[in-house]
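Residue numbers (the numbering used here): 672 to 783. For glycine and all other residues, C-beta sits at the position ideal for the given N, C-alpha and C. One structure below.
Set out below in structure tokens:
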């Protein structure tokens, strides 16, 4: 049973590390503010969830697991809220999302 828990926790930790890496690369390579913010929010939610779940499996049923669950709950409540507040502030300041090339062509064809 311990081998299964170890394998599952390392799977969760590896998947969380992948999401953190993908979010970091996305934050560097994406073209504009809103797509960068989407990549960063991926790291905040999916990466943190998977990594903390893997650590909780490693910790077993201890006080550390309860503390990690509290941290996880806090991150899951504040991460999306902060992302929304940041996007809303950018939108209110006049920073508009750019339309993709496909959306621009569709809008142009519909107007013609």
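Same chain, Cβ closer than 8 Å to residue i, neighbours up to 5 away in sequence not counted
i	result
residue 690	713, 714, 717, 718 and 721
residue 754	708, 711, 712 and 715
CB contact flag (residue i, residue j, <7 Å)
i	j	result
residue 757	residue 676	no
residue 701	residue 710	yes
residue 743	residue 726	no
Among the options, nearest to residue i - alpha-carbon criterion
i	options	result
residue 741	761, 684, 724 and 754	724
residue 672	780, 752, 697 and 731	731
Residues of its chain near residue i, where Cβ-Cβ distance is below 6 Å and the 5 sequence neighbours each way are ignored
i	result
residue 746	719
residue 768	705
Classification of residue i by the beta-carbon crowding that lies within 10 angstroms, buried from 16 upward
i	result
residue 694	buried
residue 683	buried
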